[in-house]
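First up is the structure itself, then whatever we jot down about it.
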Amino acid sequence: MNDRKLLRTRAANWGVSLGVVLWIVSLISWKLRLDFEHPAVVNMLTTAAVAAVVWFSGMMNVNTKWEQPYTYGRSLSFILMTSALAGVAWGVGTFTMSAWIAPEYYAELINQQLDVMLLQAKADDALIEMVDAMRGAGVKAMRNPFVCMFSGVMNLVMYGGMLGIMMAALLRQKNVKENE
Numbered sequence: 137m138n139d140r141k142l143l144r145t146r147a148a149n150w151g152v153s154l155g156v157v158l159w160i161v162s163l164i165s166w167k168l169r170l171d172f173e174h175p176a177v178v179n180m181l182t183t184a185a186v187a188a189v190v191w192f193s194g195m196m197n198v199n200t201k202w203e204q205p206y207t208y209g210r211s212l213s214f215i216l217m218t219s220a221l222a223g224v225a226w227g228v229g230t231f232t233m234s235a236w237i238a239p240e241y242y243a244e245l246i247n248q249q250l251d252v253m254l255l256q257a258k259a260d261d262a263l264i265e266m267v268d269a270m271r272g273a274g275v276k277a278m279r280n281p282f283v284c285m286f287s288g289v290m291n292l293v294m295y296g297g298m299l300g301i302m303m304a305a306l307l308r309q310k311n312v313k314e315n316e
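Numbers 137 to 316, taken from the working numbering, label the letters of the sequence shown in order.
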C-alpha cells in the first residue's frame, strides 16, 4: 500500500473511532446531565479524547516505515483529516441524539446557553427579544443533520488544528531523531 493510501486509511479509521468516542462522551453527559452541572468536565473529556487519539495515532504513524519521510506537513494533514472525519461521525451522533434520543435535553441545553449569553451581555430589551426569537431556530438547527455535521467538523478541525500544530512538530522532531 502506498503512503497516501495508508495515511488516508489510517485517518479514516482513527477519525471514525474518535467520533464514536466523542459520541459516547455525549451520551454519558446526557445521562448524567453534566452539561448543565459541570460543563468544564465535558470540555475536559472532549479535549482529552481528541488529544489522546491524535497523539496515539500520530505516534503510530511516526513508528511506521514510510516510502517518503514523515514530514511536518504530512503529520498535520493526517491530524486534520482525522479531525474532520471525527467531526462527521460526531455530528451524526449529535444529530441522532438531538432529533431522536434526547430532543428535550438539547432544547433545554440551547435555551440555557442563550440565557447565560444574555446574562453575560447585560442585555437590553431589543437583544432579549432577538434572542427569544432565536430560541426556536436554535432547536430546529440542532435537528438538522447537515448543521450537526458541519458543526462537528468545524469544532474538531479547530480542536485538531490547534493540537495538530503542536503535535505535528513534536512528532516530526521525534521522527527526525530516529532517522539520524
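For every residue, glycine included, the Cβ atom is placed at its ideal position computed from N, Cα and C. Please read all numbers here as calculations on a predicted model, not as lab measurements.
Assign residue i to one of three DSSP states: helix, strand, or coil.
i, result
"residue 261", "helix"
"residue 207", "coil"
"residue 279", "coil"
"residue 202", "coil"
"residue 273", "helix"
"residue 220", "helix"
"residue 225", "helix"
"residue 238", "coil"
Looking at residue j and residue i, is the spacing between their C-beta atoms short of 9 Å?
i, j, result
"residue 207", "residue 142", "no"
"residue 225", "residue 163", "no"
"residue 284", "residue 198", "no"
"residue 250", "residue 271", "yes"
"residue 181", "residue 165", "yes"
"residue 289", "residue 246", "no"
"residue 215", "residue 158", "no"
"residue 281", "residue 231", "yes"
Measure the alpha-carbon distance for residue i versus residue j and round it to whole angstroms.
i, j, result
"residue 147", "residue 219", "8 Å"
"residue 145", "residue 264", "48 Å"
"residue 304", "residue 266", "43 Å"
"residue 297", "residue 254", "30 Å"
"residue 150", "residue 295", "15 Å"
"residue 156", "residue 221", "11 Å"
"residue 262", "residue 302", "43 Å"
"residue 293", "residue 212", "11 Å"
"residue 170", "residue 183", "15 Å"
"residue 286", "residue 205", "33 Å"
"residue 307", "residue 269", "48 Å"
"residue 203", "residue 185", "30 Å"
"residue 209", "residue 137", "20 Å"
Considering just the uninterrupted stretch of the alpha helix (DSSP H) at residue i, what are its terminal residues?
i, result
"residue 149", "139-168"
Candidates the options: which alpha carbon is nearest residue i's?
i, options, result
"residue 238", "217, 210, 211, 167", "167"
"residue 248", "232, 196, 173", "173"
"residue 234", "277, 269, 205", "277"
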